[in-house]
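Number of protein chains: 2
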Amino acid sequence: MRKRVIVENVKPDINSGRYFIKRVINEAVDVEAAVLADGHDAIRASVQYKKASGRKWNEVFMTARGNDEWTASFTPTEKGFYEYRVIGWIDHLLNWHRGFLKKEAVGQYLSVELQEGEVLLRKTAANYPKKDQSDLLRYADLLGNTQAYKDAVAAVLTDEFAALVHQFPLKEFITESNTFKVRVERTKALFSTWYEFFPRSASQDPNRAGTFKDCEALIPRVAEMGFDVLYFPPIHPVGKLNRKGKNNAVTAEPGEPGSPWAIGSDEGGHKSVSPELGTMEDYENVIQLAKEHGIEIALDLAFQCAPDHPYVKEHPEWFIWRPDNTIMYAENPPKKYQDIVPLNFECDEWESLWEELKSVIIFWVEKGINIFRVDNPHTKPIPFWEWAIAEVHKQYPDVLFLSEAFTRPKIMASLAKAGFNQSYSYFTWRTSKHEMQEYLTELTRTESREFFRPNFWPNTPDILPYHLQGASSNTFVQRVLMAATLSSNYGLYGMAYEVMDNQGNTNGKEEYLDSEKYEVKHYNWNLRNRVTDAIAKINQVRKAHPALQSTWNIHFTGTDNDQLMSYVKIADGDIVWCIANFDANHTQAGFVEVPKDLLGIEGSVNLRLHDLLTGQYFQWNNDWNYVQLNPDYYPLHVLHVEFL
Amino acid sequence: MRKRVIVENVKPDINSGRYFIKRVINEAVDVEAAVLADGHDAIRASVQYKKASGRKWNEVFMTARGNDEWTASFTPTEKGFYEYRVIGWIDHLLNWHRGFLKKEAVGQYLSVELQEGEVLLRKTAANYPKKDQSDLLRYADLLGNTQAYKDAVAAVLTDEFAALVHQFPLKEFITESNTFKVRVERTKALFSTWYEFFPRSASQDPNRAGTFKDCEALIPRVAEMGFDVLYFPPIHPVGKLNRKGKNNAVTAEPGEPGSPWAIGSDEGGHKSVSPELGTMEDYENVIQLAKEHGIEIALDLAFQCAPDHPYVKEHPEWFIWRPDNTIMYAENPPKKYQDIVPLNFECDEWESLWEELKSVIIFWVEKGINIFRVDNPHTKPIPFWEWAIAEVHKQYPDVLFLSEAFTRPKIMASLAKAGFNQSYSYFTWRTSKHEMQEYLTELTRTESREFFRPNFWPNTPDILPYHLQGASSNTFVQRVLMAATLSSNYGLYGMAYEVMDNQGNTNGKEEYLDSEKYEVKHYNWNLRNRVTDAIAKINQVRKAHPALQSTWNIHFTGTDNDQLMSYVKIADGDIVWCIANFDANHTQAGFVEVPKDLLGIEGSVNLRLHDLLTGQYFQWNNDWNYVQLNPDYYPLHVLHVEFL
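Take a look at the structure:
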């Protein structure tokens with residue numbers, strides 16, 4: 041009860057410590073808190089942090105920034121969970137020191153104050169290990185020497201004495217905040233470049249569907265293009281019962297391959313590979329070859345079944361059976377999806393179901409998979425994901441989960457809070473400068489930053505957004521360059537993007553005509569064009585520039601043209617400045633503001649900018665500088681900034 | 041683990057349930073929460089509430105307002121603590137019903153759905169007491185009758201069936217939020233009108249100081265003026281040692297009375313009354329007489345001591361002793377306050393000290409005091425107040441504590457969170473329309489509303505704000521009318537205000553010259569002038585108009601003149617509309633917006649307004665209407681609104 045200090049409103053915090061925040065290795069945690077007490081006595085506060093498994097707290101003193109708000113930072117250097125908390129206390133030694141200085145300044149006689157100081161210094165020393173006591177005790181002796189009034193007063197006024205008081209606080213009646221957690225992940229959680237293709241479309245022989253062997257042949261190209269994650273839609277046997285045909289037709293014609301997301305047949309389920317793609321060994325070879333090219337294979341985790349999935353017979357208790365003894369298909373009334381039956385996460389046998397699903401993940405991790413793209417996680421219970429991801433991370437902390445939830449904001453946030461390492465985002469639909477800036481600000485400057493790590497995709501097999509339907513190569517180049525420079529995690533549904541497939545489905549939705557979800561495609565895998573050039577170039581730039589390897593460091597600067605968006609990213613002394621032209625059809629020009637505070641420019645501007653896409657150089661000497669972007673050439677400047 | 045629903049961000053909430061929110065009897069608690077789950081299944085949510093001492097939860101169904109946010113209200117009707125929480129669940133009965141309606145709308149054949157409905161209705165019925173089951177079972181029978189397909193389908197489509205599904209939810213796997221607390225207080229916590237005078241200045245004989253007997257003579261006047269709380273500065277014996285003189289002189293001349301806040305002498309301490317004012321019985325007579333006039337006497341609680349307070353000898357362990365064996369005076373280096381010694385709340389004997397201070401409060405409660413104005417609570421530990429107030433309220437829930445903390449925002453907030461019923465506010469220094477609107481918005485539209493109940497004082501014995509120094513009666517009338525209409529709790533350091541004492545201290549601070557804190561004053565207690573008229577009138581209006589008995593219901597409307605502030609308050613069908621002229625020297629005129637949404641006006645405006653101060657009537661027929669306020673007459677309109 042004698043704790044006079046109140047510590048509250050500690051940030052970062054998600055739901056009062058209910059969820060952990062996220063960082064990657066060597067990424068700082070900036071902590072703030074309200075720390076206050078009655079009266080005028082001197083308050084001090086610290087952030088304490090440690091590995092969750094460790095016992096010893098490290099400590100960083102906090103700084104008051106006004107309005108009783110305090111801040112400090114720490115940087116986790118290892119993977120796994122860390123804990124942090126804020127402590128505050130009235131520091132009677134510091135309080136005495138401050139009072140002493142004020143009284144001395146007005147010429148008061150301070151002999152009793154010196155005696156008080158002696159007492160406080162000895163009390164303080166007693167709280168520290170022997171090795172730290174000597175300076176404190178030396179000063180205590182001096183202050184206690186009534187023959188040395190002048191020397192003692194002079195000593196209290198020194199910087200050395202102030203530093204000592206700072207270094208060795210007198211902690212009494214400490215108030216501790218709750219303890220918060222941060223999950224520290226491998227660097228790839230924040231910086232990854234994804235490519236997606238359907239293995240069955242990997243064949244370079246137009247007369248047959250692709251196999252894992254064909255995938256192997258494409259890996260060098262994916263690596264050359266600069267990608268480091270290669271994601272395949274589900275590779276499991278495709279259900280034969282109620283299989284969907286081309287363009288989502290209710291019935292498949294003989295020989296049609298069906299949707300790979302209708303998983304399971306007499307050929308196996310979630311722990312099998314489709315024999316049409318090859319053997320498990322073939323798949324493992326793909327994983328291995330990819331690794332040799334610096335690429336990780338991501339597995340699609342779609343926890344749902346075709347009606348002929350082995351689970352249906354082996355574990356009928358995991359499904360919903362209707363009063364007429366038929367199985368419940370997936371539905372969104374009045375629509376019914378007959379090629380899919382949902383798992384019943386609420387069933388009485390939920391524990392065996394959950395364990396089985398966890399075992400699916402572990403199965404693939406043990407085959408060499410370290411990244412999962414989770415299909416529609418928002419149609420399975422969020423508590424399931426929280427449990428499953430935590431369970432997997434206990435054994436395999438390097439595993440990354442990407443949440444493919446294109447749904448309402450709070451659901452997407454909840455999945456991220458539950459533990460997903462990355463999340464698909466609304467980037468796909470942000471098409472104006474205003475909404476793009478607003479969205480990036482929400483992602484990076486609100487609580488979201490602590491748990492929701494976005495991944496920007498210009499397209500997916502499910503989504504050909506309206507602005508890409510009928511679009512020219514200018515738009516394709518523009519969207520991928522924006523994705524790649526705004527977000528350090530980005531991805532492409534690759535070849536469809538590279539060939540600039542812009543044909544929307546006739547249903548008027550944001551879907552591909554003749555969607556690859558329901559048929560095998562044949563591409564010219566030797567394709568080179570403006571789009572592939574832009575992709576390869578920007579991926580190279582991303583690898584060379586730390587500034588583009590984070591999403592959190594974005595800083596928008598002013599422009600006088602609503603079609604021009606200007607953003608600067610800085611990391612480790614590397615400065616990259618992007619200027620995007622949102623108008624895919626016309627050259628746009630205008631003036632762009634130099635963020636002088638951010639760049640630490642006090643006097644006049646003197647910058648050299650190197651366009652990393654075109655190789656051009658610019659010299660800027662004004663607070664606002666002229667730019668002009670012709671989308672037929674490059675709709676973005678990606679400028680490396682040097683001070684002259 | 042099978043709980044699929046997530047309930048979070050429940051509001052109102054102060055620091056994740058760490059503190060209770062506050063209401064008075066019959067004041068609603070509007071609860072909101074994010075309630076969400078995976079998939080498309082129907083979600084339902086309720087607010088549950090009960091008296092903290094009770095066992096049975098009451099329940100109000102929540103309504104979805106979009107973005108996964110839900111709301112509902114409940115109204116506590118008794119004093120004391122209530123608890124509330126939010127629960128959410130997937131309602132499979134409702135989900136089935138919604139799906140049924142959609143499928144029926146597109147003409148699907150629904151015989152299996154009817155069977156499913158039967159199962160769900162029987163399952164639901166089993167969760168309710170026998171008396172509530174009959175309708176559910178009747179419908180179950182009908183749906184289960186395969187001979188009655190058409191009747192069964194028709195039944196499911198009825199409003200009655202929908203109402204039944206609403207009324208009897210099928211609750212499974214319920215997610216519960218944390219439980220939150222609300223302290224429900226007597227009405228006076230929200231609606232009170234304070235008057236302050238120094239008993240020693242109550243004498244109508246200029247040759248002697250006032251006594252409790254003189255106070256009795258003044259009570260009828262205070263009642264006539266419309267006040268219902270009468271607050272006296274400390275009535276205890278004033279310290280004789282180091283007593284301060286006139287204008288805070290370091291030494292008092294013989295016969296000077298000293299500051300009443302330097303409490304305690306050989307004549308007694310915090311449980312005594314000053315013999316100069318009379319006896320304990322005299323004081324009790326004042327309390328009794330006041331009660332008969334509808335007035336409660338508020339006691340000043342100043343937990344500090346004069347150096348000759350009996351505690352110093354009896355309990356030296358409660359004070360700080362310096363190395364030279366002298367007592368520590370209150371100080372704010374380099375300043376020292378030699379007429380005051382602080383209690384050491386951190387001392388080893390803190391428990392006996394805290395108990396003693398609690399016993400001081402209980403002592404006066406038992407003498408008939410139910411309201412305490414707490415002097416400088418921010419110089420005593422906040423945890424002490426939290427404990428002391430809770431302890432007193434356990435025995436005496438009607439006791440009100442007003443926090444006199446004029447300090448930094450977070451400290452004031454923390455004291456309010458700790459349990460103070462009312463708090464002095466920054467009103468005293470808000471002098472422009474912009475800052476006044478901003479402040480009221482902060483008080484009433486942010487988290488602050490849940491715990492910080494402001495009390496608006498135009499002046500106090502400590503504060504003669506700069507805008508009252510040298511001010512004319514216009515300003516005095518203006519400030520009191522604003523205080524009385526903006527805030528349902530307001531108060532005056534009365535006679536100094538009524539005589540329009542506008543003489544600032546020569547030290548340039550916001551203090552009175554010849555402050556009553558250090559000397560006896562003699563007033564003409566029969567005074568009547570524009571200020572006293574305005575006070576008496578507005579207090580009468582406040583009593584007659586429920587709209588002015590809350591602070592939370594303020595709604596600002598537009599004006600086209602920055603000197604005119606327009607605000608409307610509504611309660612129980614009573615509408616009061618105030619328009620204030622901030623310019624004390626000139627007539628200001630302009631147009632004022634009718635808040636049509638707030639007033640529920642859909643077509644054209646047709647209002648009659650009755651000025652409750654002047655008796656004038658106005659008729660307004662436009663969306664914006666002309667007003668003109670001459671501060672020499674009344675600087676505010678206080679208009680009662682009637683619809684014609």
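Those protein sequences? They're chains A and B, same order as listed. Residue numbering for the first sequence follows my numbering, beginning at 41 and increasing consecutively. Residue numbering for the second sequence follows my numbering, beginning at 41 and increasing consecutively. Ideal placement from N, C-alpha and C gives every residue a C-beta, glycine not left out.
- Proximity to isoleucine 380 of chain A across A:Pro300, A:Leu604, A:Glu551 and A:Gly531 peaks at A:Pro300, based on C-alpha coordinates.
- Think of a sphere of 9 Å around the beta carbon of methionine 452 of chain A: no beta carbon from chain B falls inside it, the nearest being about 10 Å out.
- Look at cysteine 345 of chain B here: in three-state DSSP terms it is strand.
- For arginine 362 of chain B, the nearest beta carbon of chain A is closer than 8 Å to its own beta carbon.
- The criterion of a C-beta distance shorter than 8 Å is satisfied by asparagine 579 of chain B and threonine 233 of chain B.
- One thing to note: alanine 624 of chain B has its Cβ no nearer than 8 Å to the Cβ of glutamine 509 of chain B.
- Tryptophan 361 of chain B has B:Ile367 as its beta-bridge partners, per DSSP.
- A Cβ-Cβ contact shorter than 8 Å links leucine 684 of chain A with asparagine 646 of chain A.
- Taking a beta-carbon distance threshold of 8 Å, alanine 523 of chain A does not count as an interface residue toward chain B.
- Inclusion of aspartate 78 of chain B and histidine 418 of chain A in the CB contact set at 8 Å is warranted, their separation being smaller than that value.
- For glycine 598 of chain A, no alpha helix (DSSP H) encloses it, and the DSSP letter there is neither H nor E.
- Residue state for glutamate 48 of chain A is assigned as strand, using DSSP reduced to three classes.
- Note on geometry: alpha-carbon atoms of arginine 95 of chain B and glutamate 118 of chain B lie some 15 Å from one another.
- Residue contact check for glycine 459 of chain A against chain B: no CB pair falls below 8 Å.
- Only those residues of the stretch 70-83 of chain A whose C-beta falls short of 8 Å from the nearest C-beta of chain B are listed: Ala74, Leu76, Ala77, Asp78, Gly79 and His80.
- Sorting A:Gln656, A:His507 and A:Glu212 by C-alpha distance to the C-alpha of tryptophan 129 of chain A places A:Glu212 at the top.
- In the assembly as shown, glutamate 293 of chain A is an exposed residue. Its beta-carbon has fewer than 16 other beta-carbons within 10 Å.
- Its Cα nearest to that of alanine 611 of chain B, the residue B:Trp592 stands out among B:Thr627, B:Trp592, B:Lys636 and B:Ala428.
- Proximity to phenylalanine 492 of chain B across B:Phe441, B:Met535, B:Leu676 and B:Glu475 peaks at B:Phe441, based on C-alpha coordinates.
- Around the beta carbon of proline 356 of chain B, a 10 Å sphere encloses fewer than 16 other beta carbons of the protein chains shown; the residue is thus reported as exposed.
- With 16 or more other CB atoms across the displayed protein chains lying within 10 angstroms of its CB, threonine 164 of chain A is buried.
- Residue-level contact check: phenylalanine 267 of chain B does not touch chain A, since none of the beta carbons of chain A fall below 8 Å from its beta carbon.
- Taking 7 Å as the Cβ-Cβ cut-off, the stretch 638-664 of chain B has no residue approaching chain A.
- For the C-beta of valine 581 of chain A, not a single chain B residue is nearer than 9 Å; the gap to the nearest is close to 38 Å.
- Three or more Cβ pairs closer than 8 Å define a contact, and the stretch 385-393 of chain A falls short of that threshold against the stretch 303-311 of chain A.
- It is roughly 15 Å from the alpha-carbon of glutamate 296 of chain A to the alpha-carbon of phenylalanine 238 of chain A.
- Contact between the stretch 351-371 of chain B and the stretch 263-275 of chain B is not established, with fewer than three Cβ pairs separated by less than 8 Å.
- Lysine 286 of chain A carries a helical assignment under DSSP once its states are collapsed to helix, strand and coil.
- Proline 635 of chain A and serine 606 of chain A have their C-alpha atoms some 10 Å from each other.
- Taking C-beta atoms as the reference points, serine 243 of chain A and glutamate 556 of chain A fail to come closer than 8 Å.
- Within chain B, the residues Glu386 have their CB atoms less than 8 Å from the CB of phenylalanine 213 of chain A, given in chain order.
- As a beta-bridge residue in DSSP terms, histidine 680 of chain A pairs with A:Val616 and A:His650.
- For isoleucine 422 of chain A, the neighbours in chain B by C-beta distance under 7 Å run, in chain order, Ile46 and Asp78.
- Assignment of valine 571 of chain A by DSSP, reduced to helix, strand and coil, places it in the helix class.
- If the five residues before and after aspartate 614 of chain B are omitted, its C-beta is found closer than 6 Å to the C-beta atoms of His585, Pro586 and Ala587, all from its own chain and listed in chain order.
- When C-beta distances to chain A are compared with 9 Å, the residues of the stretch 105-117 of chain B below that value are Asn107, Asp108 and Glu109, in chain order.
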